[in-house]
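Here's the structure we're looking at; comments come further down.
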Amino acid sequence: MQGNWKDSKEDVLHLNFPDENVTREGLHAVLGSLYHNQIEIDLDKVEGVLSAASVLQLESVLERCGEAMAENILPNNVLRYLNLAEMYGLPQVTNKAYHLLKWNFWRFMKSKDHLKELKEDTFIRLISSSELLIMEGEMDIYIAIKMWIFLQQKPHASALPDAEFTRLMNETLASYPPGELFVRYAALFAALRFHHITTTLASLGVVEKDRLIPKEVLRAVMVDQWKTTLTNEENPTAVIISDGTGACLFDSTKQSISLRLDQSVVVARFGDDIKLPVSVHLLYLAAQPAPPSFLYVNQYIKDVVKREDEEEEEEEEVFHMASE
Numbered sequence: 001m002q003g004n005w006k007d008s009k010e011d012v013l014h015l016n017f018p019d020e021n022v023t024r025e026g027l028h029a030v031l032g033s034l035y036h037n038q039i040e041i042d043l044d045k046v047e048g049v050l051s052a053a054s055v056l057q058l059e060s061v062l063e064r065c066g067e068a069m070a071e072n073i074l075p076n077n078v079l080r081y082l083n084l085a086e087m088y089g090l091p092q093v094t095n096k097a098y099h100l101l102k103w104n105f106w107r108f109m110k111s112k113d114h115l116k117e118l119k120e121d122t123f124i125r126l127i128s129s130s131e132l133l134i135m136e137g138e139m140d141i142y143i144a145i146k147m148w149i150f151l152q153q154k155p156h157a158s159a160l161p162d163a164e165f166t167r168l169m170n171e172t173l174a175s176y177p178p179g180e181l182f183v184r185y186a187a188l189f190a191a192l193r194f195h196h197i198t199t200t201l202a203s204l205g206v207v208e209k210d211r212l213i214p215k216e217v218l219r220a221v222m223v224d225q226w227k228t229t230l231t232n233e234e235n236p237t238a239v240i241i242s243d244g245t246g247a248c249l250f251d252s253t254k255q256s257i258s259l260r261l262d263q264s265v266v267v268a269r270f271g272d273d274i275k276l277p278v279s280v281h282l283l284y285l286a287a288q289p290a291p292p293s294f295l296y297v298n299q300y301i302k303d304v305v306k307r308e309d310e311e312e313e314e315e316e317e318v319f320h321m322a323s324e
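Numbering (UniProt numbering), first residue to last: 1 to 324.
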């Protein structure tokens, strides 16, 4: 550099970049691509290339990195690639990473190291997906949430043996006041399908013992489930068969029937003299879907805020009475 510049008399120029991922090797590779129209990408050090290409606004290099990452995404690098893809805007990598995580979540949830590295928004997006593959139902997701919350408090606990990890996790989470973690991680709990973890005594016992989900929320969930059960029992199925003129050939009247998988039941029999066509009308009330979990979460938070406001008002009244 020549002229009246501050750096014109310097033998070495120091460049400062806002992105801490920029490396000497990355800059060398990216700048070299401007002259050779090609670039060699070391996926073990792809952060340096991505950051340099982003700073220099070289979209072609970013796209090439994205293609290489998408082609080589694996369970052992998926979280690293996903974080980089979201940081530098690589949609093809992001989409492939989420698909791999959803299809292998039942494996990832067993790994404390993988759970620890999951960002909260990534975790929420995963457990909100209807394509998430799990083994034991919604309790798998609940346990993963429980482990994830603990690992946010004590990340080094991931190195502990399973028994010691479980003991420390239960002790740590139980030390918080009831409802505190539920409110702090409300978005996570809102993605959990509460009505699926209160369907067995075993799962309900675990959830009640953990106290992560407030008893007020569990009570509201079970009340809604019971109302649905009563509604379905009080409105059983009816089968009506009519002939081509609309005349009723058969009316089963209302009745309740429970069928196992692949089981069938004979509803009506007709003689050979029946005239076709006939129409069959099945009147039934399917189990209505449970309310979404975020409604319970929002209501609990509203109740907490209201209770805190009332306590503050009471304290102010006591203070004024004492001052008088």
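Just so it is clear, CB atoms sit at the ideal spot from N, CA and C, and this is done for glycine as well. Keep in mind it's a predicted model, so treat the numbers as computed, not measured.
Per DSSP, L168 is one residue of the alpha helix (DSSP H) stretching across D162 to A174.
For V280, the closest of C248, E216 and N83 by C-alpha to C-alpha distance is C248. Here I241 carries a strand assignment [DSSP, helix/strand/coil]. For the segment 41 to 110, the full-length alpha helix (DSSP H) segments reaching 4 residues or more read 46 to 55, 59 to 71, 78 to 88, 91 to 103 and 105 to 108 along the chain. Counting along the chain, the unbroken beta strand (DSSP E) around D251 starts and ends at C248 to D251. Rounded to whole angstroms, the separation of the alpha carbons of Y185 and H156 is 20 Å. Contact between R193 and S293 is confirmed by a C-beta separation of about 6 Å, below the 8 Å threshold. For V49 and F150, the gap between their C-alpha atoms comes out near 35 Å. In the structure shown, the three-state DSSP call for S279 is strand. Proximity of the segment 99 to 110 to the segment 138 to 154 meets the contact definition, three or more beta-carbon pairs being nearer than 8 Å. In the structure shown, Y185 adopts coil according to DSSP, grouped into three states. When secondary structure is reduced to three states using DSSP, F270 falls in the coil class, being assigned neither helix nor strand. The straight-line gap separating the alpha-carbon atoms of S252 and D243 is approximately 15 Å. In the three-state scheme derived from DSSP, where H, G and I count as helix and E and B as strand, M139 is classed as helix.
Here L79 is buried, its C-beta having at least 16 other C-beta atoms within 10 Å.
For I127, the uninterrupted alpha helix (DSSP H) segment begins and ends at E120 to I127. Contact annotation: I41 and A68 have beta-carbon atoms nearer than 8 Å.
The way I'd put it, the segment 60 to 77 does touch the segment 91 to 102; three or more beta-carbon pairs between them come closer than 8 Å. By the criterion of at least three beta-carbon pairs nearer than 8 Å, the segment 208 to 222 is not in contact with the segment 157 to 164. When only Cα atoms are considered, R269 and T199 end up about 38 Å apart. For H156, no alpha helix (DSSP H) encloses it, and the DSSP letter there is neither H nor E. Per DSSP, S203 is one residue of the alpha helix (DSSP H) stretching across L201 to D210.
Excluding its 5 nearest sequence neighbours in each direction, R125 has C-beta neighbours in its own chain below 8 Å: Y98, listed in chain order. Note on geometry: alpha-carbon atoms of L115 and T229 lie some 36 Å from one another. Cβ contact annotation for L62 (same chain, cutoff 8 Å, sequence separation greater than five): L50, A53, S54, Y88, G89 and L90, in chain order. Residues of the same chain with a CB within less than 7 Å of the CB of I301, apart from the 5 flanking positions on each side, are V183 and A186 in chain order. I274 counts as exposed, since fewer than 16 other beta carbons sit within 10 angstroms of its beta carbon.
Secondary structure of V217 (DSSP, three-state): helix. Judged by DSSP in its simplified three-state form, T231 adopts helix.
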